[in-house]
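For reference, the structure discussed in these notes is given below.
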Amino acid sequence: MVSIQLLDLPDELLGLIVSQLRNARDTITFGLINKRVWLLVANSPVWRHHCLSTWSSWDIKHEFHNKLSQPPLQTDWRSLYLERVQTDRQAGDLFESLLATQQARASRMNELAILGSDVKDFLIQLWKHTPDDADDVLARRWHAEAILGLRGRHQAVKVWSRLRDGEHIELEDALGAYDEFVLGCAPGVEAMKSSLDAIAAAIREDIPDFDSLTIRQKAVRISEHLRSKGIVGISDADEYHALRNNFISLALTATDENRKGCLPLQSVAIYCAVSRRLGIDARPSNFPRHVHAVVSAPAGISLDGESRTDVVNPESETEMMHVDPFRHNEEVAQEDLLAQLAQIGVPPHRYAEFLGPANELEMVLRTGRNILVSVDGLRMPGDQTPDIEDGEQQPDPDAAKYAALWSLFIQGDSDPVMATTRRRQATRYLLEKLQNDYPQDVDMYAETAPRLLEGLPEHPLVLQLIQRLIASGRDAKIPVTRPDPDADPVQYRVGTYFEHKRYGYRGFIVGWNPNCAATASWITQMRVDDLPRGRDQPFYNIVAADKSSRYVAEENITPLSDLPLQSLLQLAGRFFKRWDEGMGRFVSNIQDEYPHD
122 MVSIQLLDLP DELLGLIVSQ LRNARDTITF GLINKRVWLL VANSPVWRHH
172 CLSTWSSWDI KHEFHNKLSQ PPLQTDWRSL YLERVQTDRQ AGDLFESLLA
222 TQQARASRMN ELAILGSDVK DFLIQLWKHT PDDADDVLAR RWHAEAILGL
272 RGRHQAVKVW SRLRDGEHIE LEDALGAYDE FVLGCAPGVE AMKSSLDAIA
322 AAIREDIPDF DSLTIRQKAV RISEHLRSKG IVGISDADEY HALRNNFISL
372 ALTATDENRK GCLPLQSVAI YCAVSRRLGI DARPSNFPRH VHAVVSAPAG
422 ISLDGESRTD VVNPESETEM MHVDPFRHNE EVAQEDLLAQ LAQIGVPPHR
472 YAEFLGPANE LEMVLRTGRN ILVSVDGLRM PGDQTPDIED GEQQPDPDAA
522 KYAALWSLFI QGDSDPVMAT TRRRQATRYL LEKLQNDYPQ DVDMYAETAP
572 RLLEGLPEHP LVLQLIQRLI ASGRDAKIPV TRPDPDADPV QYRVGTYFEH
622 KRYGYRGFIV GWNPNCAATA SWITQMRVDD LPRGRDQPFY NIVAADKSSR
672 YVAEENITPL SDLPLQSLLQ LAGRFFKRWD EGMGRFVSNI QDEYPHD
């Protein structure tokens, strides 16, 4: 038998061998044989497979889905692969540096976030798969998740800003920005769009003669399909104001067993998005209390497919019908809608405003107001953030309120006077959140707020605060040293897990003062001088399990050494590396500020 050496094979067979190499490391190693093989490896479409198998998220700048539909050799897949490897290395360096010190931590988080979807896989790997025994497991997981959220907020603010500036944004994108903002770790808008594409394809498959139907018939059949699958509407009327019902992606990406539906506005948005994919002009109405879909026929054609002879200008007057996919499949009679408008006191000259199509801006504003209603419903005395059922994503109420007020701040209102009022109302809340909970969002706010507040009394004050917050994040922390190592009056350390003696809530210490450093008005309001040890005892900055930041007197601290609540472990990574069972407290990751703790 004649022995054939590998390099005796023609290029076609060597190329076939290269195409079967399943990982990039083996591909590179094979290419090191000689220059001829390296050229084959460099130009092989196997890099397309490596791109697909290594990363699931791609930034829009790559036009990745377009590349997949093109002939394999039309794209330089190896260069694209190497570009993503370089991005991962850059992301890794940034991530390690932000963990090492608080100085410039927020700006480094922003540098990572603006890399967009190209860092999503890297961050998800850190968030979900950092080993439990890693030295800084809590810090890695928290910061990875926080940057994913920041990336989503950047995306949402861009969408809302473009909408405010008059750019056309599809309704599902404008509403999906809320999902990006609040559910930054979720599959995202691209997954939502894929779901809409799949629904439209399923309708065509289920109704083979769909294209031969009239517009009126198509409009009804689309509603029937969406309702039969539980995608629109709400299965439990008692859950109408549940926070999750405001988020369009949760309705679209939920599994069958976890499908809960969504509010009328989101139901109509889904209906309109699917209809558009099927060639139907459907847009939401801004009908009071309940959004409907407005389906329009092409100019000169009726909803039943006939030429229009009942109007003077058939080319400019379109026939419309209303659909309510939230409640039922049938067409909604316009007479019923007119009667409802009259009943609630809407003057006749405004009927057309509420019966005709609304713009995307109005729907975004309405969603923001609905979210605030849902969040307020969770804020009744004694209420806590609802538990997450198995397999069900649940939006965080604080993040949802933050999103709604960001949206109202950016969009304002269609009425310029009301827009100014809304922005002024939102400004104080947003600034408070930036200082306490979202310091990494300061750069985003600095890019957005000044132009929107120009000419208002708040403008110079906001500029000053932005500059102060940016400087605070950029500069090194001033170390807080313990007064006397031999006779330390501050009993507890940063990282102590405790229960409040009087109120019973649990939290952890993130800072301290040797005596009360609050304002005189706070001391009076909180009756600090009525405490047995008064204002001259140490006071501690703490974070509670409900995410609130508080200032607690030492006499009210009862230290705990058992494993903290899961909710606190999730929060702790902002300040700490890990929980140390031996010490019975968290290991500090803010030692540049509290070096002795």
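Each residue of the sequence shown is one higher than the one before, starting from 122 at the first, in my numbering.
Yeah, the Cβ is synthetic: ideal placement off N, Cα and C, and Gly gets one too.
Owing to the predicted nature of the structure, the values given are computational and were not obtained by experimental measurement.
With residue 232 and residue 215 assumed to form a contact (beta carbons below 8 angstroms), what rounded beta-carbon distance in angstroms separates them?
With 8 angstroms as the limit, residue 232 and residue 215 qualify as a contact, their Cβ atoms being about 6 angstroms apart.
How would you label residue 350, buried or exposed, when you count the other beta carbons within 10 angstroms and need 16 or more for buried?
By the C-beta density criterion, residue 350 is exposed, having fewer than 16 other C-beta atoms within 10 angstroms.
For the pair the stretch 545-552 and the stretch 518-532, tell me if three or more CB-CB distances fall below 8 angstroms.
The stretch 545-552 vs the stretch 518-532: in contact.
Among 624, 630, 488 and 609, which residue has its Cα nearest to the Cα of residue 617?
Nearest C-alpha to residue 617: 630.
Taking C-alpha atoms, which residue in 239, 218 and 238 lies nearest to residue 229?
Selected option, being the one with the closest Cα: 218.
Rounding to the nearest angstrom, what Cα-Cα distance links residue 372 and residue 323 in this structure?
Between residue 372 and residue 323, the C-alpha separation is close to 17 angstroms.
Got a sec, what are the start and stop residues for the alpha helix (DSSP H) residue 403 sits in?
DSSP places residue 403 in no alpha helix (DSSP H) but in the uninterrupted beta strand (DSSP E) bounded by 402-405.
Going by the CB atoms, is the gap between residue 239 and residue 208 shorter than 8 angstroms?
Yes.
Please name the residue, chosen from 578, 348 and 552, that lies closest to residue 389 on a Cα-to-Cα basis.
Of the listed residues, the one whose Cα sits closest to residue 389 is 348.
So for residue 417, helix, strand or coil by DSSP?
The three-state secondary structure of residue 417, taken from DSSP, is strand.
Can you tell me which of 677, 595, 259 and 297 puts its alpha carbon nearest to the alpha carbon of residue 224?
Residue 224 has its Cα closest to that of 595, out of 677, 595, 259 and 297.
Straight-line Cα distance separating residue 601 from residue 495:
Using only the alpha carbons, I get a separation of about 42 angstroms.
Which residues share a DSSP beta bridge with residue 701?
Under DSSP, residue 701 takes part in a beta bridge, and its partners are 706.
Rounded separation between residue 583 and residue 541 - CA only
Their Cα atoms are separated by approximately 15 angstroms.
Work out the CA separation of residue 176 and residue 192 for me, nearest whole Å.
If I take the Cα positions, the gap works out to 20 angstroms.
Own chain, CB closer than 7 angstroms to residue 255, minus 5 neighbours either side, in chain order
Within the same chain, residue 255 has close Cβ partners 261.
When DSSP labels each residue in this structure, what does residue 711 get in the three-state scheme?
Residue state for residue 711 is assigned as coil, using DSSP reduced to three classes.
Between which two residues does the beta strand (DSSP E) holding residue 680 run?
Residue 680 -> beta strand (DSSP E) spans 678-681.
When you compare each of 392, 519, 567 and 267 to residue 401 by their alpha carbons, which one comes out closest?
The candidate whose alpha carbon is nearest that of residue 401 is 392.
Straight-line gap, residue 366 to residue 614 (C-alpha atoms, nearest Å):
Straight-line Cα distance between these residues: approximately 42 angstroms.
Smallest Cα separation from residue 634: which of 621, 340, 660 and 592?
Nearest to residue 634 by C-alpha distance, out of 621, 340, 660 and 592, is 660.
Name the two residues that bound the continuous alpha helix (DSSP H) containing residue 632.
Counting along the chain, residue 632 falls outside any alpha helix (DSSP H), though it belongs to the beta strand (DSSP E) covering 627-634.
Which class does residue 221 belong to by DSSP, given the choice of helix, strand or coil?
Note: residue 221 maps to helix in three-state DSSP.
Could you have a look at residue 301 and say whether DSSP puts it in helix, strand or coil?
The answer is helix: DSSP assigns residue 301 an H, G or I state.
Given that a residue counts as buried once 16 or more other Cβ atoms are within 10 Å of its Cβ, and exposed if not, what is residue 569?
Residue 569 should be labelled buried.
Chain-order list of residues whose beta-carbon lies under 8 angstroms from that of residue 702 (same chain, five-residue window excluded)
Cβ-Cβ distances below 8 angstroms link residue 702 to 684 in the same chain, with the five nearest sequence neighbours on each side left out; the list follows chain order.
Out of curiosity, what's the CA-to-CA distance linking residue 276 and residue 611?
So the alpha carbons of these two residues sit roughly 44 angstroms apart.
Closest residue to residue 655 among 664, 637, 672 and 295 (Cα-Cα distance)
The shortest Cα separation from residue 655 among 664, 637, 672 and 295 belongs to 637.
Taking C-beta to C-beta, are residue 481 and residue 284 nearer than 8 angstroms?
With respect to the 8 angstroms criterion, residue 481 and residue 284 are classified as neighbours on the basis of their beta carbons.
For residue 522, collect the residues of the same chain with a Cβ closer than 6 angstroms to its Cβ; drop the 5 residues on either side in sequence, then sort them by chain order.
Closer than 6 angstroms at Cβ, skipping near neighbours: 496.
Completely contained beta strand (DSSP E) runs for the stretch 568-629, where each covers 3 or more residues:
Listed in chain order, the beta strand (DSSP E) runs fully inside the stretch 568-629 are 618-621, counting runs of at least 3 residues.
Exposed or buried, which one is residue 658 when buried takes at least 16 other CB atoms within 10 Å?
Residue 658 comes out buried.
Runs of alpha helix (DSSP H) wholly within the stretch 208-274 (minimum 4 residues, chain order):
You should have 226-234 and 241-250.
Cutoff 7 angstroms; reference residue 280; Cβ partners in own chain excluding five residues on either side:
Taken in chain order, the residues that qualify are 290, 294, 295 and 298.
Exposure label - residue 588; buried when at least 16 CB within 10 Å:
Residue burial annotation: residue 588 is exposed, with fewer than 16 other C-beta atoms found within 10 angstroms of its C-beta.
How far does the beta strand (DSSP E) with residue 443 in it reach, from first residue to last?
It spans 441-444 - the beta strand (DSSP E) in which residue 443 sits, taken as one unbroken run.
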